[in-house]
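All remarks here apply to the structure that follows.
Number of protein chains: 2
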Amino acid sequence: MKRKSAPLSGDTLKSIAAAGGISSATLSRVLNHPEKVRPDLRARAMALLAEAGYVPHGAARSLASRKTRTMGAIIPTVDSALFAKLVDGMQQAIHEHGYQLLLASTNYSPGREAGEVRALIERGVDAMMLVGRSRDPELYELLHSKGIPFVTTCHYDAADPWPMVGWDNAAAAQRIADYLLDIGHRRLGVIAGISKDNDRAADRVAGFTRALTRRGIELPPQYVIEKPYTVPEARRAMATLLRLPEPPTAVMCGNDILAYGALQECLWQNLRVPEQISITGFDNIEMAAHCRPGITTLNVPAFELGQRAAQILLAADAGTPPENVCIELELIVRDTTAPPRSSTSARLGS
Amino acid sequence: MKRKSAPLSGDTLKSIAAAGGISSATLSRVLNHPEKVRPDLRARAMALLAEAGYVPHGAARSLASRKTRTMGAIIPTVDSALFAKLVDGMQQAIHEHGYQLLLASTNYSPGREAGEVRALIERGVDAMMLVGRSRDPELYELLHSKGIPFVTTCHYDAADPWPMVGWDNAAAAQRIADYLLDIGHRRLGVIAGISKDNDRAADRVAGFTRALTRRGIELPPQYVIEKPYTVPEARRAMATLLRLPEPPTAVMCGNDILAYGALQECLWQNLRVPEQISITGFDNIEMAAHCRPGITTLNVPAFELGQRAAQILLAADAGTPPENVCIELELIVRDTTAPPRSSTSARLGS
DNA sequence: TTGAAAGCGCTAACAT
DNA sequence: ATGTTAGCGCTTTCAA
Numbered sequence: 630m631k632r633k634s635a636p637l638s639g640d641t642l643k644s645i646a647a648a649g650g651i652s653s654a655t656l657s658r659v660l661n662h663p664e665k666v667r668p669d670l671r672a673r674a675m676a677l678l679a680e681a682g683y684v685p686h687g688a689a690r691s692l693a694s695r696k697t698r699t700m701g702a703i704i705p706t707v708d709s710a711l712f713a714k715l716v717d718g719m720q721q722a723i724h725e726h727g728y729q730l731l732l733a734s735t736n737y738s739p740g741r742e743a744g745e746v747r748a749l750i751e752r753g754v755d756a757m758m759l760v761g762r763s764r765d766p767e768l769y770e771l772l773h774s775k776g777i778p779f780v781t782t783c784h785y786d787a788a789d790p791w792p793m794v795g796w797d798n799a800a801a802a803q804r805i806a807d808y809l810l811d812i813g814h815r816r817l818g819v820i821a822g823i824s825k826d827n828d829r830a831a832d833r834v835a836g837f838t839r840a841l842t843r844r845g846i847e848l849p850p851q852y853v854i855e856k857p858y859t860v861p862e863a864r865r866a867m868a869t870l871l872r873l874p875e876p877p878t879a880v881m882c883g884n885d886i887l888a889y890g891a892l893q894e895c896l897w898q899n900l901r902v903p904e905q906i907s908i909t910g911f912d913n914i915e916m917a918a919h920c921r922p923g924i925t926t927l928n929v930p931a932f933e934l935g936q937r938a939a940q941i942l943l944a945a946d947a948g949t950p951p952e953n954v955c956i957e958l959e960l961i962v963r964d965t966t967a968p969p970r971s972s973t974s975a976r977l978g979s
Numbered sequence: 630m631k632r633k634s635a636p637l638s639g640d641t642l643k644s645i646a647a648a649g650g651i652s653s654a655t656l657s658r659v660l661n662h663p664e665k666v667r668p669d670l671r672a673r674a675m676a677l678l679a680e681a682g683y684v685p686h687g688a689a690r691s692l693a694s695r696k697t698r699t700m701g702a703i704i705p706t707v708d709s710a711l712f713a714k715l716v717d718g719m720q721q722a723i724h725e726h727g728y729q730l731l732l733a734s735t736n737y738s739p740g741r742e743a744g745e746v747r748a749l750i751e752r753g754v755d756a757m758m759l760v761g762r763s764r765d766p767e768l769y770e771l772l773h774s775k776g777i778p779f780v781t782t783c784h785y786d787a788a789d790p791w792p793m794v795g796w797d798n799a800a801a802a803q804r805i806a807d808y809l810l811d812i813g814h815r816r817l818g819v820i821a822g823i824s825k826d827n828d829r830a831a832d833r834v835a836g837f838t839r840a841l842t843r844r845g846i847e848l849p850p851q852y853v854i855e856k857p858y859t860v861p862e863a864r865r866a867m868a869t870l871l872r873l874p875e876p877p878t879a880v881m882c883g884n885d886i887l888a889y890g891a892l893q894e895c896l897w898q899n900l901r902v903p904e905q906i907s908i909t910g911f912d913n914i915e916m917a918a919h920c921r922p923g924i925t926t927l928n929v930p931a932f933e934l935g936q937r938a939a940q941i942l943l944a945a946d947a948g949t950p951p952e953n954v955c956i957e958l959e960l961i962v963r964d965t966t967a968p969p970r971s972s973t974s975a976r977l978g979s
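Same order as they appear, the protein sequences are chains A and B.
Take 630 as the starting number for the first sequence in our numbering and just add one per residue.
Take 630 as the starting number for the second sequence in our numbering and just add one per residue.
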């Protein structure tokens, strides 16, 4: 009976090769290009490897092959249903191709993002996913000079010269504005994310404003409030809007968390939603469907987005020129929106 | 005026050293042990490095130093508020020490977990975080033989010989059972996670059952339903329990998602919660506090847990023998629990 | 204090 | 088809 030798942590291709009377090159070939080794030798090599409990040494491998089979993802925060799904989709997709995910979060700080980009480059990621479009041009140059493929997600602007997979945030917000206007609202409010250092939040406010302007409606500054993406902050923002001499009859929120908070505040104040005030969200996280009343929102297929991003990166890493993907966000009308109370001017939805 | 030379992606310590009339060893020292280089030379070296736009080559560095400054985390899924926070805490903590996070998810499959453990070992992580306690002993041996520090989280069993940071799931479930019994419930039900391949879920059911048995109460099999952690599944499970000839007056759910789904089903069926039926959750994710009625649950400080896990790993990597941490889960009583309707035997809570 | 040089473990030319 | 060997870019003795 053969004694099972404890796998020595120091076992190297070379040592195993020597012990087995085979060259380390053959062992390496068996690992990387098995078809180039004759079946019998291959079998012997594999037995050798298995018996030694061989575990490849990634760093050595990367140094020699100039590949890490690792991809990076830099997101604002993991603690968000949206980004969690995005990361999940990416990780699952690259996993199928034998890649690992190096994850970093920035907490919405451009400085931290820059640092993480550099860190991931040092770690030798073969490609990386970024969120949003605005960042120091130097970073783009760095990525370019290092020849590292990347995609940006959660936004889309045909003018940007790099690979993207996302949507047009301004257009999306316009879509919400149009819907609200179409069902008769004329006094609107916005609870947005902090737009500084968040181009998605800024674009949404811009798109919303533009849509209103186009239809001859004003959006005075006090009707636009920026808040971090938390429920309590959203409640405070909604309370502020409701304290206005002429409160809005509909409020677009920067995402579903804000919408949920806004909704809670209304209910707390015994306002009926949507009869007395309409609220919209963004993202369509699960809670938007489950809470009562269900939140009208734009559906963001985050998991798929992560997968698409991964596919683009995988392709780029294999040398295929990347193709952009711009997705249409579907408007999910639920129970937080309705024509304004006194509206007799309500028209049919778009 | 000095022309800013484009940072060549091929710039290596050696080439920069040669160009500057300095040895690559000195450059390396400036990077890793600056105090060992005389200030003037150090300044010149740093200028050289900066001008070249030098970016260290991680693989080469790791190969030579046998360190990657990378830690791994393997969790069931990112798409869970609990694990998202756990990962967030870990990532932030290690980030402060210059480490990067290699993230993998298993979708609750032991096979995938084993694969990811091996993958992370290959990638050379300096340490890793795992969730739960039960896995193939070979994995523990592998980790041990490779000398890779690890912690397991989300569980605690003083009998296990490796570092842990978590809580006793059986005891936690007992705590819930005792609370429910104390306020007078006698016919109880459980909606648990799938306990196969999930020791946390299994331990909770076991702890709950044991607590009931101790007080002379039975828990017939049809009162225990296992379901994946999703809202619709939980609704189905609750519907099944409610169809029982004698439905339970209180249901312990395996986590807050299940509790939320169970709650929704009750509301849908026009049952009043907690008047007609009590429900408890586990984790205290934000939704548990925000939904109406608020869910009675056990608070799991996931973010802090991630930080603690990171600290242990960081310490272990620095050679400090790890210390376990077992935390007490606080019971958060909200609005989904109350004495059973017809109960005259209700006693004060524990 | 600084430089020279020997690896770290592997891959991929190149040689056989 | 297989073996030999030269690096990959860095850290770290070891000498100077």
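We put the beta carbon where it would ideally sit given N, CA and C, even for glycine.
- The beta carbons of alanine 800(B) and glycine 836(B) sit closer together than 8 Å.
- With a beta-carbon spacing of about 19 Å, methionine 867(A) and methionine 916(B) fall beyond the 8 Å limit used to define contacts.
- Contact check for valine 880(A) and valine 853(A): beta-carbon distance about 10 Å, past the 8 Å limit, so the pair fails to qualify.
- The C-alpha of methionine 675(B) is placed about 7 Å away from the C-alpha of valine 659(B).
- For leucine 848(A), the secondary structure class from DSSP, reduced to helix, strand or coil, is coil.
- Around glutamate 915(A), the beta-carbon contacts reaching into chain B at under 8 Å are Val860.
- With a cut-off of 8 Å on Cβ pairs, the segment 898-907 of chain A is not in contact with the segment 767-780 of chain A, counting fewer than three such pairs.
- Below the 7 Å Cβ cutoff, chain A contributes Ala713, Lys714 and Asp717 as neighbours of aspartate 708(B), in chain order.
- Proximity of chain B to threonine 838(A) at the Cβ level (cut-off 7 Å) is not reached, the minimal Cβ distance being about 30 Å.
- The Cβ atoms of isoleucine 777(B) and threonine 966(B) do not sit closer than 8 Å to each other.
- In the DSSP assignment, glutamine 729(A) falls within the unbroken beta strand (DSSP E) covering 729-734.
- Against chain A, the CB of cysteine 882(B) has no partner CB under 8 Å away; the residue lies outside that interface.
- Beta-carbon to beta-carbon, leucine 892(A) and tyrosine 858(A) are separated by about 15 Å, too far to satisfy the 8 Å threshold.
- Of all residues in the segment 745-777 of chain B, the ones placed with a Cβ closer than 8 Å to any Cβ belonging to chain A are Arg747, Ala748, Leu749, Ile750, Glu751, Arg752, Gly753, Leu771, Ser774, Lys775 and Gly776, in chain order.
- Taking the C-beta atoms as reference points, alanine 722(B) is found no nearer than 8 Å to glutamine 905(B).
- CA-to-CA, the gap between aspartate 755(B) and lysine 696(B) works out to about 7 Å.
- Listed along chain A, no residue sits closer than 9 Å to glycine 923(B) by beta-carbon distance, the nearest being about 12 Å off.
- Shortest Cα-Cα distance from leucine 715(A) to any of Glu933(A), Ala947(A) and Val666(A) involves Glu933(A).
- At a cut-off of 8 Å between C-beta atoms, histidine 726(A) does not count as an interface residue with respect to chain B.
- DSSP, read as helix, strand or coil, puts valine 860(A) in helix.
- Judged by DSSP secondary structure, threonine 838(B) falls within the alpha helix (DSSP H) whose first and last residues are 828-843.
- The beta carbon of valine 684(B) falls within 8 Å of a beta carbon belonging to chain A, placing the residue at that interface.
- A straight line joining the alpha-carbon of glutamate 745(A) with that of aspartate 964(A) spans about 41 Å.
- Membership of threonine 909(B) in the beta strand (DSSP E) is indicated by the continuous run 907-909.
- Nearest to glutamate 767(A) by C-alpha distance, out of Gly682(B), Arg833(B) and Ser657(B), is Gly682(B).
- Among the residues facing chain A, serine 644(B) is not included, as its CB has no counterpart in that chain under 8 Å away.
- Residue state for threonine 869(B) is assigned as helix, using DSSP reduced to three classes.
- For valine 880(B), the pairing in a beta bridge is given by DSSP as Gly818(B) and Ile908(B).
- In the DSSP secondary-structure assignment, valine 794(A) is bridged to Thr782(A) and Val954(A).
- Contacts with chain B (Cβ-Cβ distance below 8 Å) from the segment 800-811 of chain A involve no residue at all.
- Not one beta carbon of chain B lies nearer than 8 Å to the beta carbon of glycine 948(A).
- At a cut-off of 8 Å, the C-beta of glycine 822(A) has no neighbouring C-beta in chain B.
- Within the segment 840-854 of chain B, no residue has a Cβ lying closer than 8 Å to any Cβ of chain A.
- Only exposed fits alanine 647(A), as fewer than 16 other CB atoms lie within 10 angstroms of its CB.
- Residue range 926-928 is occupied by the beta strand (DSSP E) that includes leucine 927(A).
- If you ignore the 5 residues before and after arginine 762(A), its C-beta comes within less than 7 Å of the C-beta of Thr781, His784, Asp786, Asp789 and Asp828, all in its own chain and listed in chain order.
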